[in-house]
Amino acid sequence: MMKIGSHISSAKGYEAMGKQALKLGASTFAFFTRNPRGGSAKAVSESDVGKFLALWKEKGYGKIVAHAPYTLNACSDKAEVRRFAHEAFSEDLARMEYTPGNYYNFHPGSHVGQGVETGIRQIADLLNECLYEEMTTTVLLETMAGKGSEIGRNFEELRAILDKVRLSEKMGVCLDTCHVWDGGYDIVNRLEEVVEEFDRVIGLKRLKAIHINDSMNGLGSHKDRHARIGEGQIGWEAFVRIIHHPALRELPFILETPNDDAGWMKEISMLREAYGETKKE
Ligand code: FE
Ligand code: FE
Ligand code: ZN
Numbered sequence: 011m012m013k014i015g016s017h018i019s020s021a022k023g024y025e026a027m028g029k030q031a032l033k034l035g036a037s038t039f040a041f042f043t044r045n046p047r048g049g050s051a052k053a054v055s056e057s058d059v060g061k062f063l064a065l066w067k068e069k070g071y072g073k074i075v076a077h078a079p080y081t082l083n084a085c086s087d088k089a090e091v092r093r094f095a096h097e098a099f100s101e102d103l104a105r106m107e108y109t110p111g112n113y114y115n116f117h118p119g120s121h122v123g124q125g126v127e128t129g130i131r132q133i134a135d136l137l138n139e140c141l142y143e144e145m146t147t148t149v150l151l152e153t154m155a156g157k158g159s160e161i162g163r164n165f166e167e168l169r170a171i172l173d174k175v176r177l178s179e180k181m182g183v184c185l186d187t188c189h190v191w192d193g194g195y196d197i198v199n200r201l202e203e204v205v206e207e208f209d210r211v212i213g214l215k216r217l218k219a220i221h222i223n224d225s226m227n228g229l230g231s232h233k234d235r236h237a238r239i240g241e242g243q244i245g246w247e248a249f250v251r252i253i254h255h256p257a258l259r260e261l262p263f264i265l266e267t268p269n270d271d272a273g274w275m276k277e278i279s280m281l282r283e284a285y286g287e288t289k290k291e
């Protein structure tokens, strides 16, 4: 079965997220562990999580992909911003253990003029401080569009972070189709070469999830403006190839497209159909 879903609001708790996913026809989903613009996280209710886990098990669905807040910047030039990043990251990892064995994805960070090398070192510092032996979560570095001073604009930068992480077996990568396209990887005309390059630089065994987004802008634009599937410059045919690619087809696909519920339902069913699944009643 295709693993596909969208972002879902975590405001009403875990069981509500599970039910919303089912409503959308999703078999995985992403959610922000706290307000995406920052702030504190609500306490987890064990009974709420328990109901979600029971629902997910009953359905036979696999991993979910949590997303760290956008404001989390491990390589800010401001010490208090880096401190918030460490605190929020650690708290989120503790929270993730209520849903054991899933994914926690984060944007590596923006070095804001400190330079790529310093940025990479500070991101690795965060990971070396926060990851711990007993955790069951896999932390995913997201491939970035290279807007401003974002780290992760190419596969080499992610590899450089991974090389510095002690518990690197806890680490994986989430490939965002809009971001890699904006970053200059031609997944429309050279998907095979891009996958090979990922394998050569990072290793396909690290690839754990796909953020499936079209892009409003052109190859190498470094803009990071998501579009609905088939409505941007990547285009529908490229997505059909992406979801069928043998190295990608088993991964969870997460939509981060500008949509409402009806739009995500439509995208999920379109993609399922293209994958070769018809909606079961
Ligand atoms: Fe992201
Ligand atoms: Fe993304
Ligand atoms: Zn993006």
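Okay, so the sequence shown: first residue is 11 according to my numbering, each after it adds one.
For every residue, glycine included, the Cβ atom is placed at its ideal position computed from N, Cα and C.
These figures come from a predicted structure and were not determined experimentally.
{"Item": "Check whether the Cβ of H232 lies closer than 8 Å to any heavy atom of ligand 1, and answer yes or no.", "Value": "no"}
{"Item": "Just the C-alpha distance for L185 and R216, rounded to the nearest angstrom, thanks.", "Value": "10 Å"}
{"Item": "Report all residues from its chain with a CB closer than 7 Å to the CB of E241; omit the five preceding and five following residues, and keep chain order.", "Value": "D224"}
{"Item": "To the nearest whole angstrom, what separates the beta carbons of V149 and L137, a pair I think is in contact under 8 Å?", "Value": "7 Å"}
{"Item": "If you measure between the beta carbons of A64 and P79, is that distance less than 9 Å?", "Value": "no"}
{"Item": "Reducing DSSP to helix, strand and coil, say where C184 ends up.", "Value": "strand"}
{"Item": "Please tell me whether H121 and E152 are closer than 9 Å, where the distance is taken between their beta carbons.", "Value": "no"}
{"Item": "With G60 as the anchor, note down where its alpha helix (DSSP H) starts and where it stops.", "Value": "56-69"}
{"Item": "Does the distance from the C-beta atom of H255 to that of V205 stay below 9 Å?", "Value": "yes"}
{"Item": "Look up N115 in the DSSP assignment and give the residues it is bridged to.", "Value": "H77, L150"}
{"Item": "What runs of the beta strand (DSSP E), each 3 residues or longer, lie entirely inside the stretch 220-275?", "Value": "263-265"}
{"Item": "What number of angstroms, rounded off, separates the C-alpha of D209 from the C-alpha of E202?", "Value": "11 Å"}
{"Item": "Would you report the Cα separation of L214 and L32, rounded to the nearest angstrom?", "Value": "30 Å"}
{"Item": "Between the beta-carbon of K174 and the beta-carbon of I130, is there less than 9 Å?", "Value": "yes"}
{"Item": "According to DSSP, is H121 helix, strand or coil?", "Value": "coil"}
{"Item": "Comparing C-alpha positions only, which one of I161, P268, T38, M145 sits nearest to G70?", "Value": "T38"}
{"Item": "Where does N83 land, buried or exposed, given buried means 16+ other C-beta within 10 angstroms?", "Value": "buried"}
{"Item": "So who's on the other strand from E144, going by DSSP bridges?", "Value": "Beta-bridge pairing links E144 to no other residue."}
{"Item": "So which of W274, S231, Y285, R235 has the shortest CA-CA distance to E247?", "Value": "Y285"}
{"Item": "Rounded to whole angstroms, what's the CA-CA distance from I278 to T187? Just pull it up for me.", "Value": "16 Å"}
{"Item": "Could you pull out every residue in the same chain whose Cβ sits closer than 6 Å to the Cβ of Y24, ignoring the five residues on either side in sequence?", "Value": "D58, V59, F62"}
{"Item": "What number of angstroms, rounded off, separates the C-alpha of L281 from the C-alpha of T81?", "Value": "31 Å"}
{"Item": "Is there at least one non-hydrogen atom of ligand 2 closer than 8 Å to the beta-carbon of N112?", "Value": "no"}
{"Item": "Please check the pair E266 and H17, which I expect to be a contact at CB under 8 Å, by giving their CB distance rounded to whole angstroms.", "Value": "6 Å"}
{"Item": "Report the rounded CA-to-CA distance for Q132 versus C85, giving the unit in angstroms.", "Value": "5 Å"}
{"Item": "Kindly indicate which three-state DSSP category T40 falls into: helix, strand or coil?", "Value": "In the sequence under discussion, the amino acid at residue 40 is Ala, which differs from the Thr named in the question. Of the three classes helix, strand and coil, the one that applies to A40 here is strand, per DSSP."}
{"Item": "Does K88 come out as helix, strand or coil in the three-state DSSP assignment?", "Value": "coil"}
{"Item": "Restricting to Cα atoms, I'd like to know which of H221, R47, G194 is closest to N164.", "Value": "G194"}
{"Item": "Where I74 and K88 are concerned, what is the direct C-alpha to C-alpha distance, given to the nearest angstrom?", "Value": "32 Å"}
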